């Protein structure tokens, strides 16, 4: 499974980022979230919800094999003990959704906990099966 | 004819909560504005009317089984 | 200090000195945050009688304990100072993303004192705080400045900026933030301009810790889920505050042509449903808000696209109705003008409506306006006079002082229709047939503003002609609503989505680990209300109940048209409202808090 976003509906409220940091770190800090909202203002006045689509590029570039695919749903998970914080995955991420924060050398990545989905009033976020075509991505 | 009627905010005091609309029996269909009047709701207290989750105007004639929710004015800031 | 930033950041602009202080427990327990902190600190730190535009005044930027947490609408910031409009305590509240960022940087309150020697802006990135040169931005519009600063510093910086109006010390200059949100009222932008500060740019990367994050998450998730089912969530996301425009007209409560009437014949051309069809680009929320009331809009004029958030209901009322601009595109453009120039749309609309009426009556002539034929409904003359105000040219220089000062200078009985209380222009509700709303405006601690007690529905519920019994409801609201300005979050979840008030005391306790009951919060709010009253008394030369009188138009002139046609309050009713109000507040006949009330509140 993976998250998909209909950015047109996004109002930029950041509740998704807010709940993400709360669930993963027991803290309030949207800069420690595994998704991001790009606000394009004053023109054209739109939001873009940046989310991980579990493409696996991060895993393929990790020199420590610290990122592995979870069997049951195809979600890529970082093993914090193996991660050396080299930043290869952050660099390589095609969607720019491996987030770095000063509190830890381990990047923050979406683990598909799904907590962001219900807090969104405009239903920007939803779940989708990872299709075979995704695998063909480099 | 039976309809469900409830209100939000201050209108709960007149018709009970919208989430749990109470069933009322009306002899014949008549515009919602008349029903609002019969409930002793002062003029102006209802800003919007939702019927089966669609917005309707004050002249709407209720149909059997309608779920009518009355919405009070919002504050404008 | 859990959930709080924990520190006050003090920036002395004259000396270039930057220091921090720890928050005291006493301040937290008795004043909670936001407006509460601001009122206490200003009362203690300002010498009586300081000129609001002198370096002796201070500008406070305050977050609340809930700001930045996983709490719906937790993005509210209070700007506060001694107001150049009223000469007393003034504050104004802004949504957006600012308060959370202040807290992620490690602060609760930022105090600007003194005056910078040259145009400057404040740069804050966690512990790194600098007073930087702002020559590049000085003279630029507020929207333009925010865009430039984000380009220069990075898009994660949250910006609060003044426009040219603040630089030129127009008394109703606002502080703009997040491309469309304003701390509009009481001249907080004027005070910022008087300190030579163009903008504040802030970025914080720290986390806020909580006593019981799991409980907070549960409480908030449940509240968000309930709110999503409320029809007002949909209504607000679609139309925002403009959804009340039609209703306000049906009630004869829509200020029209400088409050000569309460019904604007063209209101259907500027209402929320018209905005959906004509102007709205994106529904835009403040931090953590599930009901996105910001309507980000676009209009086109002179072959150029103008992007602006709005118009809000208040802008529709004060520029749409009050200046009779009955076309959504003209109104959207007027909104953009005010936002870019840094003018509060409420006071700005009221001042221009006042000038339009003066022109109509021959009190202001072509000689004063430089030939501008200032007419109700005319966007071109609206723009020309607005620019004269911001540039302080011709009659604009006088109008830039607000309606009270302008009327005193112009004479010819124009004070009667200078629509202000305590020097602050009244916001968007015609109140002659709404005594509770009238009393709200009369007694609002910052002057003629609706946000402390939006009481018109109470008038409608219990009778619009009834005077007796209105005061207790107004007082109740005046204690409940400002709690949100103390907590640093938006009251609209409570007002519109019926979020129970005790959710806020529960979530505050879960976050801070300090036991707050709802009664504690209401008591703190009453304490602040009495403190700002003491501030007013301290600053008034001949203090009497007259400070609470509404403009004479409300009790000497009838509403001209619409559903409230011919209605009028009387002087006797005005006094009757005040008598009851003072009594319920524990104040004397002149409106001074009695000793026992102050003792009860620990003041």
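Chains as they are written, first to last, in my numbering: chain Y, 1 to 138; chain S, 1001 to 1077; chain F, 2001 to 2603. Even for Gly, the Cβ is constructed at its ideal location relative to N, Cα and C. Note that the coordinates shown come from a computational prediction; the quantities given were computed from them, not determined experimentally.
- Between residue 99 of chain Y and chain F, the shortest Cβ-Cβ separation is not below 9 Å.
- In this structure, the CA atom of residue 2073 of chain F is about 20 Å from the CA atom of residue 2038 of chain F.
- Interface criterion met: the Cβ of residue 13 of chain Y is under 9 Å from a Cβ in chain F.
- The stretch 2487-2568 of chain F is shown to contain no whole beta strand (DSSP E) run of 3 or more residues.
- Annotation for residue 2151 of chain F: the continuous alpha helix (DSSP H) segment containing it runs 2142-2153.
- Per the Cβ contact rule, the stretch 3-22 of chain Y is in contact with the stretch 47-59 of chain Y (3 or more Cβ pairs under 8 Å).
- Here DSSP, grouped into helix, strand and coil, assigns residue 2167 of chain F to helix.
- Contacts with chain S at 9 Å (Cβ-Cβ) include residue 2461 of chain F.
- Here residue 2590 of chain F has 2544 and 2545 as same chain residues with Cβ atoms under 6 Å from its own Cβ, once five neighbours each way along the sequence are excluded.
- Beyond the five residues adjoining it in sequence on each side, residue 2509 of chain F comes within less than 7 Å, by CB distance, of 2515 and 2516 in the same chain, given in chain order.
- According to the DSSP assignment, residue 2388 of chain F belongs to the alpha helix (DSSP H) that extends over 2379-2391.
- According to DSSP, residue 2593 of chain F shares a beta bridge with F/2587.
- Rounded to the nearest whole angstrom, the CA to CA distance from residue 2151 of chain F to residue 2136 of chain F is 13 Å.
- Under DSSP, the beta-bridge partners assigned to residue 2079 of chain F are F/2061 and F/2092.
- The beta carbons of residue 2373 of chain F and residue 2547 of chain F sit no closer together than 9 Å.
- Contiguous beta strand (DSSP E) elements confined to the stretch 1008-1073 of chain S occur at 1022-1025, 1048-1051, 1054-1056 and 1067-1071, taking only those with 3 or more residues.
- Distance from the CA atom of residue 2320 of chain F to the CA atom of residue 2270 of chain F, rounded to whole angstroms, is 7 Å.
- Residues of the stretch 2417-2437 of chain F that bring their beta carbon within less than 8 Å of a beta carbon in chain Y are absent altogether.
- Taking all protein chains in view, the Cβ of residue 104 of chain Y is surrounded by fewer than 16 other Cβ atoms within 10 Å, so the residue is classified as exposed.
- Residue 1028 of chain S counts as exposed, since fewer than 16 other C-beta atoms from the protein chains shown sit within 10 angstroms of its C-beta.
- In the same chain as residue 2455 of chain F, and ignoring 5 residues on each side of it, the C-beta atoms closer than 8 Å to its own belong to 2434, 2436, 2437, 2439, 2440, 2470, 2473, 2474 and 2477, in chain order.
- Inter-segment contact for the stretch 2237-2254 of chain F and the stretch 1043-1051 of chain S is present: three or more beta-carbon pairs are separated by less than 8 Å.
- Distances from the alpha-carbon of residue 2025 of chain F to those of F/2336, F/2095 and F/2513 put F/2513 closest.
- The residue from F/2274, F/2442, F/2414 and F/2453 with its alpha-carbon nearest to that of residue 2571 of chain F is F/2442.
- In summary, the residues of the stretch 2275-2296 of chain F whose CB is separated from some CB of chain Y by less than 9 Å are 2281, 2282, 2283, 2284, 2285, 2286, 2287, 2288, 2289, 2290, 2291, 2292, 2294 and 2296, in the order they occur in the chain.
- Counting every other CB atom within 10 Å of its CB across the protein chains shown gives residue 28 of chain Y a total of 16 or more, marking it as buried.
- Within the stretch 69-127 of chain Y, the runs of beta strand (DSSP E) at least 3 residues long that lie entirely inside it are, in chain order, 76-78, 99-101 and 104-108.
- The three-state reading of DSSP puts residue 47 of chain Y in strand, counting E and B together.
- Taking 9 Å as the cut-off, the Cβ atoms of residue 2419 of chain F and residue 2551 of chain F count as close.
- Not flagged as an interface residue toward chain F: residue 83 of chain Y, since no C-beta distance is shorter than 9 Å.
- The beta carbon of residue 110 of chain Y sits closer than 8 Å to the beta carbons of 3, 34, 35, 51, 52, 54, 75 and 97 from its chain, once the five residues preceding and following it are set aside; these are given in chain order.
- If you check each beta-carbon in the stretch 2207-2240 of chain F against every beta-carbon of chain S, the ones closer than 8 Å belong to 2229, 2230, 2231, 2232, 2235 and 2236.
- Nearest to residue 2109 of chain F by C-alpha distance, out of F/2118, F/2132, F/2078 and F/2087, is F/2078.
- Not one beta carbon of chain Y lies nearer than 9 Å to the beta carbon of residue 2407 of chain F.
- Close to residue 1009 of chain S, with beta-carbon spacing below 9 Å, are these residues of chain F in chain order: 2232, 2457, 2495, 2496 and 2498.
- The beta carbon of residue 2388 of chain F sits no closer than 9 Å to any beta carbon of chain S.
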